[in-house]
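Step one of this worksheet: look at the structure below.
What follows is the structure, given as structure tokens:
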């Protein structure tokens, strides 16, 4: 009996180790329902989303194209890029094209939707001098309203930002794709104090970060880590706070960019679940030997 239990425990340990070593994939489904997008995204304990509005989205229903979607991690965690949570995808192209896979497809859907409507928000990100004179294209913009409950004073979320638009040379601000997250009017999507755009020094080839990765050729990955955790302080008990995610292509609609956004999981939940298997096996061993 003891030998049989030893074999069972050994198999359980091998299964647990294999579960942690394999990597799952990101599966993206197009979705233009603002409420479903809001429900798929958490902002951390104490932040309650009260409304969600997809203020800008691009789609060509006849071709099955849409610039927003939801993603699922198939597990075992962490999945592609190290993601360990499900969430939303906002792009300047077709969201479903951004799932896990080789970088063999050019991400380029031009919805031909140029506008100057958001220049005041995005020009300071796209150009160092605060204006560019070019319209932005292929917007996706998700506006959230949320309340803080209890003593909570922080929101947090993870994101991975990438692009098929090659990093631009210094002083070249044409075709500059940008992403921002405006909390009560202030952009909090900064990496090393710099906004997320095509001149950021931490844009790395996707294959050097995670292979196969996705169809995005470049990923923002400081120190080689593409998981960017954004945190910001919000007044405890405050209501009707706003958080707007926006991604856009400057000057034209070609060579797309995308961002995966998900809530920060509760700490240690996954680790404890893995630990439970060998611990339970040891408990059974003790019970049967008595």
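Numbering (the numbering used here), first residue to last: 34 to 323.
Backbone N, C-alpha and C define an ideal beta-carbon position, used for all residues, glycine too.
Buried versus exposed call for residue 274 [16 or more other C-beta atoms within 10 Å across all chains shown]: Against the chain shown, residue 274 aligns to sequence position 241. Per the 10 Å Cβ criterion, buried.
Applying the 10 Å Cβ sphere with the 16-neighbour rule, what's the burial state of residue 93? Within the chain shown, numbered from 1, the residue matching residue 93 stands at position 60. Exposed, by the Cβ-count rule.
In DSSP terms, what residue 238 is bridged to: Position 205 of the chain shown holds residue 238. Paired residues: 251.
According to the neighbour-count rule (16 or more other Cβ atoms, all chains shown, within 10 Å of its Cβ), is residue 256 buried or exposed? Working through the chain shown from its first residue, we reach residue 256 at position 223. Residue 256 should be labelled exposed.
Please identify the residue among 144, 161, 277 and 96 whose C-alpha is closest to the C-alpha of residue 220. Within the chain shown, the letter at position 187 stands for residue 220. The shortest Cα separation from residue 220 among 144, 161, 277 and 96 belongs to 277.
Roughly how many whole angstroms lie between the Cα atoms of residue 55 and residue 237? Start at 1 with the first residue of the chain shown, and residue 55 comes out as number 22. Start at 1 with the first residue of the chain shown, and residue 237 comes out as number 204. Residue placement at residue 55 is flagged as unreliable, the pLDDT there being 49, under the threshold of 50; the coordinate-derived value follows with that caveat. Using only the alpha carbons, I get a separation of about 24 Å.
In angstroms, rounded to a whole number, what distance separates the CA positions of residue 188 and residue 239? Indexing the chain shown from 1 puts residue 188 at position 155. Indexing the chain shown from 1 puts residue 239 at position 206. In a straight line, the C-alpha of residue 188 is about 28 Å away from that of residue 239.
Could you give the residue range of the alpha helix (DSSP H) that holds residue 70? In the chain shown, residue 70 corresponds to position 37, counting from 1. Element bounds for residue 70: 67-72.
Distance, Cα to Cα, residue 186 vs residue 179? Working through the chain shown from its first residue, we reach residue 186 at position 153. Working through the chain shown from its first residue, we reach residue 179 at position 146. Taking the straight line from one Cα to the other gives about 12 Å.
Distance between residue 106 and residue 74 (C-alpha atoms, nearest Å): Within the chain shown, numbered from 1, the residue matching residue 74 stands at position 41. Within the chain shown, numbered from 1, the residue matching residue 106 stands at position 73. Going from the Cα of residue 74 to the Cα of residue 106 covers about 14 Å.
For residue 127, which residues from the same chain have a beta carbon less than 6 Å from its beta carbon, with the 5 sequence-adjacent residues on both sides left out? Residue numbering aside, residue 127 sits at position 94 when the chain shown is read from its first letter. Cβ neighbours of residue 127 beyond the five flanking positions: 98 and 142.
DSSP three-state call for residue 197: helix, strand or coil? Translated into the one-based positions of the chain shown, residue 197 becomes position 164. Here residue 197 sits in coil by DSSP.
Write down the C-beta distance between residue 177 and residue 82 rounded to the nearest angstrom, noting that I regard them as a contact closer than 8 Å. Within the chain shown, the letter at position 144 stands for residue 177. Within the chain shown, the letter at position 49 stands for residue 82. The pair is a contact, with the Cβ atoms about 5 Å apart (cut-off 8 Å).
Which of helix, strand or coil does DSSP assign to residue 187? Taking the chain shown and counting its residues from 1, the one referred to as residue 187 is at position 154. Strand.
Where residue 266 falls, given that 16 or more other Cβ within 10 Å makes a residue buried: Along the chain shown, read from residue 1 onward, the residue named residue 266 stands at position 233. Label assigned to residue 266: exposed.
Check residue 130 in the structure and name its three-state DSSP category. Position 97 of the chain shown holds residue 130. If DSSP states are grouped into helix, strand and coil, residue 130 belongs with the helices.
Who does residue 84 pair with in a DSSP beta bridge? Residue 84 sits at position 51 when you count from the first residue of the chain shown. Partner(s): 178.
With a threshold of 8 Å on Cβ separation, who are the neighbours of residue 112 within its own chain once the five nearest residues in sequence on each side are excluded? Working through the chain shown from its first residue, we reach residue 112 at position 79. Answer for residue 112: 56, 57, 58, 59, 106 and 133, listed in chain order.
Is the distance from the Cβ of residue 330 to the Cβ of residue 197 below 8 Å? As shown, the chain starts at 34 and ends at 323. That puts residue 330 outside it, with no answer to give.
Taking DSSP's pairing of strands, which residues face residue 266 in a bridge? Working through the chain shown from its first residue, we reach residue 266 at position 233. In DSSP, residue 266 forms a bridge with 187.
One question on the structure: do residue 242 and residue 229 come within less than 8 Å of each other, judged by their Cβ atoms? Locating residue 242 in the chain shown gives position 209, counting from the first residue. Locating residue 229 in the chain shown gives position 196, counting from the first residue. Not in contact: residue 242 and residue 229 (Cβ atoms no closer than 8 Å).
Residues bridged to residue 275 [DSSP beta-bridge criterion]: In the chain shown, the residue the question calls residue 275 occupies position 242. Bridge partners of residue 275: 178.
Have a look at residue 96 and residue 182 and give me their C-alpha separation to the nearest angstrom. By 1-based counting over the chain shown, the position of residue 96 is 63. By 1-based counting over the chain shown, the position of residue 182 is 149. Cα to Cα, the separation comes out at about 43 Å.
Check whether the Cβ atoms of residue 68 and residue 85 lie closer than 8 Å to each other. Start at 1 with the first residue of the chain shown, and residue 68 comes out as number 35. Start at 1 with the first residue of the chain shown, and residue 85 comes out as number 52. It is a contact, given that the beta carbons lie within the stated cut-off.
Among residues of its own chain, excluding the 5 on either side of residue 89, which ones have a beta-carbon nearer than 7 Å to its beta-carbon? Here residue 89 refers to the residue found at position 56 when the chain shown is read from its first residue. Only 172, 173 and 174 meet the Cβ criterion.
Relative to the C-alpha of residue 114, which residue among 253, 268, 296 and 289 is closest? Stepping through the chain shown from its first residue, residue 114 is reached at position 81. Cα-wise, what sits closest to residue 114 is 253.
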